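What follows is one structure encoded as structure tokens, with my remarks underneath.
There are 2 protein chains.
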Amino acid sequence: MHFMENYSTIAGGITAPKGFKASGIAAGLKPSGNPDLALIVSDVEAIAAGVFTTSQVRAACVDYCRQKLQQKASAKAILCNAGQANAGTGEQGWQDAIESSQLVAQALNIAPEAVLLASTGVIGQRIKMEALRSGIPQLVANLSEDGNDAAAKAIITTDLVTKEIALETMIDNRPVRVGGIAKGSGMIHPNMATMLSFVTCDAAVSTGLWQQMLTVAANESFNQITVDGDTSTNDSLIALANGQSRTPAITDMNSKNAQTLQTMLTTVCQHLAKAIARDGEGATCLVEVQVSGAPDDESARRIAKTIVGSSLVKSAIFGRDPNWGRIAAAAGRAGVIFNQEELRIVLGEYVMMENGQPLQYDRSAASNYMKQAAHGTYLQDDTVLISVCVGNGSGKGIAWGCDLSYDYVKINAEYTT
Amino acid sequence: MHFMENYSTIAGGITAPKGFKASGIAAGLKPSGNPDLALIVSDVEAIAAGVFTTSQVRAACVDYCRQKLQQKASAKAILCNAGQANAGTGEQGWQDAIESSQLVAQALNIAPEAVLLASTGVIGQRIKMEALRSGIPQLVANLSEDGNDAAAKAIITTDLVTKEIALETMIDNRPVRVGGIAKGSGMIHPNMATMLSFVTCDAAVSTGLWQQMLTVAANESFNQITVDGDTSTNDSLIALANGQSRTPAITDMNSKNAQTLQTMLTTVCQHLAKAIARDGEGATCLVEVQVSGAPDDESARRIAKTIVGSSLVKSAIFGRDPNWGRIAAAAGRAGVIFNQEELRIVLGEYVMMENGQPLQYDRSAASNYMKQAAHGTYLQDDTVLISVCVGNGSGKGIAWGCDLSYDYVKINAEYTT
Numbered sequence: 001m002h003f004m005e006n007y008s009t010i011a012g013g014i015t016a017p018k019g020f021k022a023s024g025i026a027a028g029l030k031p032s033g034n035p036d037l038a039l040i041v042s043d044v045e046a047i048a049a050g051v052f053t054t055s056q057v058r059a060a061c062v063d064y065c066r067q068k069l070q071q072k073a074s075a076k077a078i079l080c081n082a083g084q085a086n087a088g089t090g091e092q093g094w095q096d097a098i099e100s101s102q103l104v105a106q107a108l109n110i111a112p113e114a115v116l117l118a119s120t121g122v123i124g125q126r127i128k129m130e131a132l133r134s135g136i137p138q139l140v141a142n143l144s145e146d147g148n149d150a151a152a153k154a155i156i157t158t159d160l161v162t163k164e165i166a167l168e169t170m171i172d173n174r175p176v177r178v179g180g181i182a183k184g185s186g187m188i189h190p191n192m193a194t195m196l197s198f199v200t201c202d203a204a205v206s207t208g209l210w211q212q213m214l215t216v217a218a219n220e221s222f223n224q225i226t227v228d229g230d231t232s233t234n235d236s237l238i239a240l241a242n243g244q245s246r247t248p249a250i251t252d253m254n255s256k257n258a259q260t261l262q263t264m265l266t267t268v269c270q271h272l273a274k275a276i277a278r279d280g281e282g283a284t285c286l287v288e289v290q291v292s293g294a295p296d297d298e299s300a301r302r303i304a305k306t307i308v309g310s311s312l313v314k315s316a317i318f319g320r321d322p323n324w325g326r327i328a329a330a331a332g333r334a335g336v337i338f339n340q341e342e343l344r345i346v347l348g349e350y351v352m353m354e355n356g357q358p359l360q361y362d363r364s365a366a367s368n369y370m371k372q373a374a375h376g377t378y379l380q381d382d383t384v385l386i387s388v389c390v391g392n393g394s395g396k397g398i399a400w401g402c403d404l405s406y407d408y409v410k411i412n413a414e415y416t417t
Numbered sequence: 001m002h003f004m005e006n007y008s009t010i011a012g013g014i015t016a017p018k019g020f021k022a023s024g025i026a027a028g029l030k031p032s033g034n035p036d037l038a039l040i041v042s043d044v045e046a047i048a049a050g051v052f053t054t055s056q057v058r059a060a061c062v063d064y065c066r067q068k069l070q071q072k073a074s075a076k077a078i079l080c081n082a083g084q085a086n087a088g089t090g091e092q093g094w095q096d097a098i099e100s101s102q103l104v105a106q107a108l109n110i111a112p113e114a115v116l117l118a119s120t121g122v123i124g125q126r127i128k129m130e131a132l133r134s135g136i137p138q139l140v141a142n143l144s145e146d147g148n149d150a151a152a153k154a155i156i157t158t159d160l161v162t163k164e165i166a167l168e169t170m171i172d173n174r175p176v177r178v179g180g181i182a183k184g185s186g187m188i189h190p191n192m193a194t195m196l197s198f199v200t201c202d203a204a205v206s207t208g209l210w211q212q213m214l215t216v217a218a219n220e221s222f223n224q225i226t227v228d229g230d231t232s233t234n235d236s237l238i239a240l241a242n243g244q245s246r247t248p249a250i251t252d253m254n255s256k257n258a259q260t261l262q263t264m265l266t267t268v269c270q271h272l273a274k275a276i277a278r279d280g281e282g283a284t285c286l287v288e289v290q291v292s293g294a295p296d297d298e299s300a301r302r303i304a305k306t307i308v309g310s311s312l313v314k315s316a317i318f319g320r321d322p323n324w325g326r327i328a329a330a331a332g333r334a335g336v337i338f339n340q341e342e343l344r345i346v347l348g349e350y351v352m353m354e355n356g357q358p359l360q361y362d363r364s365a366a367s368n369y370m371k372q373a374a375h376g377t378y379l380q381d382d383t384v385l386i387s388v389c390v391g392n393g394s395g396k397g398i399a400w401g402c403d404l405s406y407d408y409v410k411i412n413a414e415y416t417t
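Residue numbers (the working numbering), protein chains in the order written: chain A, 1 to 417; chain B, 1 to 417.
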């Protein structure tokens with residue numbers, strides 16, 4: 001990745017920021033025996049912020065975190081179970097969540113109120129509490145400043161790859177770092193949140209500001225991806241900032257340091273969001289839709305997300321078919337008013353429509369452009385870019401998704417059987 | 001079909017009502033050479049109502065009909081071209097629409113203002129005007145009181161079957177009939193309209209009332225189906241009522257005769273809507289979702305449509321996988337507030353969740369229920385029924401869709417290539 005900004009990519013993911021440890025083990029929660037339990041711990045109490053699913057059907061851990069963060073916006077630990085969703089499990093699911101936080105607290109010798117929770121897996125299934133009870137001591141024993149990879153592996157389910165990133169910049173001559181991991185490849189259409197993502201940071205930030213920054217970052221990243229239009233019951237984005245960089249506290253959104261931190265946080269979230277979209281179930285390429293000329297940014301983002309979420313657009317991209325009419329149709333139904341006579345559609349470098357008029361273009365070259373993306377290198381040159389301009393407004397927005405392949409249906413036709 | 005009401009199904013589709021003729025021919029608009037041009041004509045000027053796509057990207061015929069009906073809510077003829085969508089074609093597309101109406105008017109010796117238009121096909125392609133010009137004389141020559149089948153065949157594109165129905169009742173001892181045809185199997189997620197559907201009626205109804213009745217019928221039928229979540233640029237539902245039954249004019253929505261006519265009109269539209277959903281691209285069964293207990297009917301319809309439109313629910317049904325968690329998740333993200341602890345989910349006769357708690361049920365029997373539907377007789381016993389209750393409100397709603405199969409992707413990956 002190339003950044004114009006004054007920061008750089010570093011190794012280490014969520015354990016790159018100072019004062020964070022992580023671990024991941026196979027606790028027997030997944031039938032496959034793959035790693036399924038992750039723990040992230042800050043040496044000191046960290047400012048905590050979260051964005052969660054807006055679904056009316058929620059996992060117990062979502063209700064637990066929301067309630068917890070409303071009472072006190074700080075935490076020391078995040079436990080993530082990738083075996084069972086613990087959603088649609090009623091009162092018993094809530095009791096399992098409470099016990100999970102207590103088990104972690106005991107093992108770490110901290111207060112249960114300092115523990116946050118996340119889970120993913122099949123909806124309607126309780127956490128296998130016996131396996132969880134047995135696993136936690138080993139999970140705590142494995143905590144390490146090199147634990148990022150183990151944690152990133154332990155939070156995934158149908159994902160083909162792990163997702164991680166870390167960035168570093170200098171603030172007042174001291175290094176400040178933001179790191180993140182994420183999971184997700186199906187049921188991806190986050191609404192005010194993502195599937196699961198955990199972000200760590202060693203800057204010192206005030207509580208309200210950290211939540212504000214996370215919300216901004218979520219709106220420009222996780223909320224702009226879609227794989228299948230389905231919002232999960234468990235979507236959770238949790239971010240901890242522990243101040244261990246020993247840089248001056250950031251308390252004013254308009255300060256230069258706040259802007260730098262916001263950019264890094266948004267970049268981390270965008271990288272993870274794109275990685276989730278690219279790893280969408282059955283996907284063969286990343287699709288990026290850039291919309292400009294809309295009345296405002298929110299309208300542009302809505303149009304972009306509608307196009308990238310259209311099953312017909314996604315199927316056409318899988319077929320390497322430059323069927324731009326479907327792009328126009330999806331833009332038109334996004335719920336944003338525009339004049340179709342100002343519509344401009346570009347696929348890669350091929351201008352297909354201008355001023356609402358269809359143009360001549362090289363069909364087979366446009367098809368080849370999509371074929372090349374499908375054979376490109378992961379998250380480097382595997383992107384099909386669609387640019388749409390809907391007028392002369394100042395609103396801009398980007399959304400990410402993937403194509404719709406036979407494998408999507410295959411993966412999801414027999415998920416629980 | 002069995003009706004509780006005092007009307008019966010009759011043969012004849014759109015030419016069952018008195019004073020209507022129709023025709024359909026292969027005019028060379030489709031590359032396949034299949035029938036592609038249809039004409040519906042009323043002997044006398046008929047009251048006309050229409051519901052059209054709300055997309056910002058619209059076919060010229062949609063703008064034409066909307067403008068025409070605003071000026072005068074009556075018409076004698078509807079011309080439908082199933083070769084090219086004539087959407088995204090700019091000023092030239094508009095000129096082609098105007099010429100189309102003039103050609104029909106000349107051939108029928110009526111005013112161009114008495115002609116309505118509809119089209120379907122690939123977006124961004126102009127109507128093949130030369131073929132249209134050559135075809136119209138034959139189309140008019142073929143007009144017949146037995147022309148329903150030919151018209152029904154000439155309006156379809158990727159549809160596997162034609163869609164038609166006619167109902168008859170007695171009003172003041174005279175027969176009154178409503179007939180309809182429809183097309184659609186992809187890009188089906190109508191928004192205030194459907195793909196293409198034409199309804200004829202020989203009752204005498206006042207202008208405003210007819211439009212009001214059609215809007216009610218559309219909201220409980222075409223607006224409650226989805227195949228792929230994509231709203232077309234060409235969605236059009238047009239209904240003509242020509243008064244040739246010679247029954248007293250229906251002018252009051254609260255009258256018994258108005259209620260009878262409304263029920264027949266809604267039933268015709270629901271039959272056609274279900275037929276479109278069942279014929280969804282690649283579908284192996286019809287899916288009906290019934291929602292009750294919502295705050296109001298609109299909320300219930302929204303939840304039902306969200307569930308029936310979920311790619312994950314659709315994939316699970318194709319896999320005959322009773323993965324009710326996806327049903328719960330889709331209900332939760334519909335944008336309607338409810339208490340998840342009151343959620344009840346039933347698949348066929350299998351109760352899977354009650355009071356937000358998962359229940360034990362016979363997995364393989366539930367899977368067999370879905371298998372049987374997929375082998376059922378078309379529109380008779382090929383329905384997978386999902387019942388969801390979200391509380392104790394009085395709101396009820398139904399939506400229809402289909403499963404998501406490999407063939408959906410296959411059909412749509414290479415549509416224009």
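Heads up, the beta-carbon is just placed ideally off N, CA and C, and yes, glycines get one too. Model, not experiment: these values are computed from the prediction.
Under 8 Å Cβ-Cβ, which residues of chain B neighbour residue i?
i       : result
F338(A) : Q56
S232(A) : A329
Return the Cβ separation of residue i and residue j in integer angstroms, given the expectation that the two are a contact with Cβ distance under 8 Å.
i       : j       : result
V122(B) : Q95(B)  : Contact doesn't hold; Cβ gap of about 19 Å is too wide.
A111(B) : A118(B) : With a Cβ gap of about 19 Å, A111(B) and A118(B) do not count as contacting.
N420(A) : A59(A)  : Examination of residue 420(A) is not possible in this model, given that chain A is present from 1 through 417 alone.
I10(B)  : E168(B) : 5 Å
V388(A) : I307(A) : 7 Å
V57(A)  : G309(B) : Not really, about 16 Å apart at Cβ, beyond 8 Å.
R126(B) : T157(B) : R126(B) to T157(B), Cβ: 17 Å. No contact.
A366(B) : P322(B) : 4 Å
I188(A) : I225(A) : 6 Å
Answer with buried or exposed for residue i, where buried requires no fewer than 16 other C-beta atoms within 10 angstroms of its C-beta.
i       : result
V289(A) : buried
V47(B)  : A small fix is needed here, since residue 47(B) is Ile in this sequence, not Val. Flag for I47(B) reads buried.
N109(B) : exposed
A277(B) : buried
S292(B) : buried
G33(A)  : exposed
F20(A)  : buried
Y378(B) : exposed
D159(B) : buried
Q71(B)  : exposed
R320(B) : buried
N412(B) : buried
Could you name the residues that DSSP lists as bridge partners for residue i?
i       : result
P175(A) : M170(A)
R344(B) : C389(B)
N81(B)  : L37(B), S119(B)
E288(A) : L385(A), W400(A)
Q357(B) : E354(B)
L379(A) : None, per the DSSP bridge assignment.
T200(A) : G179(A), L240(A)
What does residue i reach in chain A if we use C-beta pairs closer than 7 Å?
i       : result
S387(B) : Correct list: empty, because the minimum Cβ distance to chain A is about 16 Å.
Below 9 Å on C-beta distance, what does residue i contact in chain A?
i       : result
D381(B) : Correct list: empty, because the minimum Cβ distance to chain A is about 22 Å.
G124(B) : N323, W324, G325, A328, M352, M353, P358
Along chain B, in chain order, which residues have C-beta atoms closer than 7 Å to that of residue i?
i       : result
E414(A) : G319, D321
Y406(A) : Y406, V409
Name the chain A residues that come within less than 8 Å of residue i, Cβ to Cβ?
i      : result
G90(B) : E341, N355, G356, Q357, P358
For a contact defined as C-beta to C-beta under 9 Å, what are the partners of residue i on chain B?
i       : result
M187(A) : L312, R326, A329
Open item on the list: Using 8 Å as the cut-off, can you tell me whether the stretch 391-406 of chain A makes contact with the stretch 268-288 of chain A, which would need three or more C-beta pairs spanning the two stretches below that distance?
Closed with: yes
TODO: Determine contact between the stretch 180-188 of chain B and the stretch 149-163 of chain B, defined as no fewer than three beta-carbon pairs at a distance below 8 Å.
DONE: yes
Task: contact_flag[the stretch 61-70 of chain B, the stretch 246-253 of chain B] where n(CB pairs < 8 Å) is 3 or more - done: no
Task: Stretch-stretch touch, CB-based, cutoff 8 Å, three pairs: the stretch 135-144 of chain B with the stretch 23-31 of chain B - done: yes
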